[in-house]
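In the numbering used here, the protein residues as written are 115 to 170.
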């Protein structure tokens, strides 16, 4: 059985990238968290074993 661990981290985005993320979020009708979750899942090939929350 796989072991899981909770880790904390921050994602820092410059203003230009944050605005692009916001625009794409609105265009797609999904949350910024979902976009980041999807990108990280693809990057690390984690499937659904990743939880991302954005601090407002």
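The beta carbon of each residue, even a glycine, is placed where N, CA and C say it ideally should be.
The alpha carbon of residue 124 has as its nearest neighbour, out of 147, 143, 157, the alpha carbon of 147. Membership of residue 154 in the alpha helix (DSSP H) is indicated by the continuous run 146-158. Per DSSP, reduced to three states, the secondary structure at residue 124 is coil, with no helix or strand assignment. Across the structure, residue 133 and residue 158 are spaced so that their CA atoms are roughly 24 Å apart.
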